[in-house]
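Numbering-wise (this note's numbering), the sequence shown opens with residue 428 and increments by one.
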Amino acid sequence: MRYQLPLLLGYSLLMVALGVYVGRRVRSSEGFFVAGRGLGPLLIFATMLSANIGAGSTVGAAGLGYRDGVAAWWWVGAAAIGSMVQAFWVGPLMRREAEARGLRTVGDYLELRYSATVRVVVAALIWVGTLAILAGQLIAMSTLLTVVAGLPKWVGCVLGGLVMTAYFAAGGLLSSAWVNLMQLVVLLAGFAVALPVALANAGGWDAVVAAVDAGTSIVPAPGEGFWSAWNNGGSGWRYLALLGPAFIISPGLLQKIFAARDDRAVRLGTGANALALLAFAFVPPVMGIITRATHPGLESEQLALPTLLMYDVPAAVGALGLAALFSAEVSTADAILFMLSTSLSQDLYRRFLAPGASDGQVLRVARGAAILGGTLGVALALVAQTIIGTLSFFYSVLGVTLFVPVLGGLFMRRFRALEAMAAIVAGMAVMLALQLTAGAGGVQGVTPALAGVVASVAVAVVAHGAVRWRARMGEGGAT
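Encoded structure:
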């Protein structure tokens, strides 16, 4: 504990320094938003995977493993499946569209394909959801620093907010991509070392299973479902409906794809990201299960992974693991900040408030929006309670809002603004109604996110059919 905190602080300064150094090359909004559309497969892979392995994929997934068992792998596994669809189907199409039309944000695409109204509605909904996921990352950072040094929650939230805001505001996506590459090396090395060491120190997998199944007077033995990879407790295949659509059409991820230099970079970089997520999916849940065997009475399952890295591995291994955990949280936070700042500066400021703004003005607003977004994220983190709760809300909003408009626009030539708006309104209404009446668990296995996506698709199909029928009737009447 004597040197873990100085190590994390030193690592934070290194991230900021690298981001500021790279950011000196960014002198235009094009460079800030899409890195000059020049990222190759390696940087696409690094920035995508770093964005996708964050608080939910580490602290949150380990906590789910601690609570629900093996089925917690679906939290990251569902993201991997969505990323695979993005890599080989949606991503290349969106990149080509962005390059041909000069698009910088998903909002640009929505207005081009539909209308300014659709752009504004989607942007407003995403801003709310974006702040929620940013708060989730900052909560994880504060949890980490609480375990490491006993610091209060607000200190961890403020420190995390300062680090990711400083290096992202310096150079936007270009700074983020290079810092993400460094973070990814630390992240993968930390987990690759910490998992086998923690498992060996716990006596091996058989000993872990025996300890969990034995239970204690405080934590009773779980049922057989704890070892099922399909479903148990709140975890399982249902995460596919929550996370799959979000990872296909996430604005933050698609805008990184806008920065790819060609389709090959998208397929290789994003595809490798999907495979890495699939391999990583079991790692945090297994670490959470190990912690349940060694520390069965934790006050909160969110403490599972930081506790394991502090007490169940040698100090040097734990320090590397904590740095990896910090990397995961900061890298995802900067991806969310990217989505928020670019949307505010491009979708709101440049499009509606100052259409004649110079490139330099847009760049300054983008940097200012990053600072504002970081500040609001910290404020929300101070009042929010759980990591998985905040992330689930974000992914629900993202999937329900964007899944139909993005895919309908790409693959249905006659899909128009009316159908897109109907899908958004219906999906959000159903999702919120079920969330408020039945809670996050939904009814009979149907979660609010799943119900919202199904309602969105159904209403879009009906609306599209009605529009086509009315058009045919009009043509018939005219003849």
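Each residue gets a CB set at the ideal place from its N, CA and C atoms; glycine is no exception.
Quick one: what does DSSP say Gly826 is sitting in, helix, strand or coil?
-> Here residue 826 refers to the residue found at position 399 of the sequence shown. Looking at Gly826 - three-state DSSP - the assignment turns out to be helix.
Simplified DSSP assignment, three categories, for Leu608 = In the sequence shown, counting from the first residue as 1, residue 608 sits at position 181. Leu608: helix per DSSP, three-state reduction.
Helix, strand or coil for Ala656, going by three-state DSSP, please let me know.
-> Here residue 656 refers to the residue found at position 229 of the sequence shown. Ala656 falls in the coil class under three-state DSSP.
Excluding the five sequence neighbours on either side, which residues of its own chain have a C-beta within less than 6 Å of the C-beta of Tyr776, listed in chain order?
-> If you number the sequence shown from 1, residue 776 lands on position 349. Closer than 6 Å at Cβ, skipping near neighbours: Val792.
Hey, which unbroken runs of the alpha helix (DSSP H) at 4 residues or more fall wholly within the region 441–515?
-> 456–461, 468–479, 488–495 and 501–512
Exposure label - Thr643; buried when at least 16 CB within 10 Å | Taking the sequence shown and counting its residues from 1, one reaches residue 643 at position 216. Looking at its Cβ environment, which holds fewer than 16 other Cβ atoms inside 10 Å, Thr643 is exposed.
Is there contact here, the region 449–468 with the region 490–500, by at least three beta-carbon pairs under 8 Å?
-> no
Ala701 versus Met900: straight-line alpha-carbon distance, rounded = The residue labelled residue 701 in the question sits at position 274 within the sequence shown. The residue labelled residue 900 in the question sits at position 473 within the sequence shown. Their backbone Cα atoms lie some 46 Å apart in a straight line.
Residue range of the unbroken alpha helix (DSSP H) whose run includes Ile851 | One-based indexing of the sequence shown puts residue 851 at position 424. Run containing Ile851: Ala844 to Ala865, per the alpha helix (DSSP H) assignment.
Can you grab the Cα-Cα spacing for the pair Thr906 / Arg897, in whole Å?
-> One-based indexing of the sequence shown puts residue 906 at position 479. One-based indexing of the sequence shown puts residue 897 at position 470. Residue confidence for Thr906 is low, a pLDDT of 45 falling below 50, so the modelled location carries little weight and cannot support an answer.
Would you be able to state if there are at least three C-beta pairs under 8 Å between the region 761–778 and the region 792–803?
-> yes
Distance, Cα to Cα, Gly481 vs Ala751?
-> Walking along the sequence shown from the start, residue 481 turns up at place 54. Walking along the sequence shown from the start, residue 751 turns up at place 324. So the two alpha carbons sit approximately 10 Å from each other.
Quick one: what's got a C-beta closer than 6 Å to Ser477's C-beta in the same chain, skipping five residues either side?
-> Position 50 of the sequence shown, counting from 1, holds the residue named residue 477. Here the set comprises Asn607, Gln610, Leu611 and Ser758.
Residue burial classification, Met428 (beta-carbon count within 10 angstroms, cutoff 16) | In the sequence shown, counting from the first residue as 1, residue 428 sits at position 1. Unreliable placement is indicated for Met428, whose pLDDT of 49 sits below 50; the coordinate value is still reported in the next sentence. Per the 10 Å Cβ criterion, exposed.
For Val870, write down the residues that DSSP places opposite it in a beta bridge.
-> As a working mapping, residue 870 is identified with position 443 in the sequence shown. Paired residues: Val873.
Classify Gly583 as helix, strand or coil using the three-state DSSP reduction.
-> Here residue 583 refers to the residue found at position 156 when the sequence shown is read from its first residue. Looking at Gly583 - three-state DSSP - the assignment turns out to be helix.
Rank Arg840, Leu834, Met839 and Ala890 by C-alpha distance to the C-alpha of Val852 and give the top, closest one.
-> On the sequence shown, residue 852 is found 425 positions in, with the first residue counted as 1. Minimum Cα distance to Val852 is reached at Ala890.
Length of the line joining the Cα atoms of Val613 and Val447 = In the sequence shown, counting from the first residue as 1, residue 613 sits at position 186. In the sequence shown, counting from the first residue as 1, residue 447 sits at position 20. Taking the straight line joining both Cα atoms gives about 19 Å.
Meets three-Cβ-pair contact criterion under 8 Å: the region 554–574 and the region 817–837 | yes
Is it the case that the CB of Gly748 approaches a heavy atom of the ligand ATP more closely than 7 Å?
-> Within the structure as shown, the ligand ATP is missing, as the structure has no ligands at all.
Would you decide whether Trp657 is buried or exposed? Buried here means 16 or more other CB atoms lie within 10 Å of its CB.
-> As a position in the sequence shown, residue 657 is number 230, starting the count at 1. Trp657 should be labelled exposed.
Among Leu432, Thr874 and Ile717, which has the Cα closest to the Cα of Gly630?
-> One-based indexing of the sequence shown puts residue 630 at position 203. Answer by Cα proximity: Ile717.
Cβ-based neighbour list, Ala473, same chain, cut-off 7 Å, excluding 5 preceding and 5 following | If you number the sequence shown from 1, residue 473 lands on position 46. Excluding residues within five positions, the ones whose Cβ falls inside 7 Å are Ala604, Asn607, Leu608 and Leu611.
Could you have a look at Thr906 and say whether DSSP puts it in helix, strand or coil?
-> By one-based count along the sequence shown, residue 906 stands at place 479. Model confidence at Thr906 stands at a pLDDT of 45, short of 50, so the residue's coordinates are unreliable; what they give is reported in the following sentence. In this structure, Thr906 counts as coil in the three-state DSSP scheme.
Determine the burial state of Phe779: buried for a count of at least 16 other Cβ atoms within 10 Å of its Cβ, exposed for fewer.
-> Sequence index remark: in the sequence shown, residue 779 carries index 352 (1-based). Phe779 should be labelled exposed.
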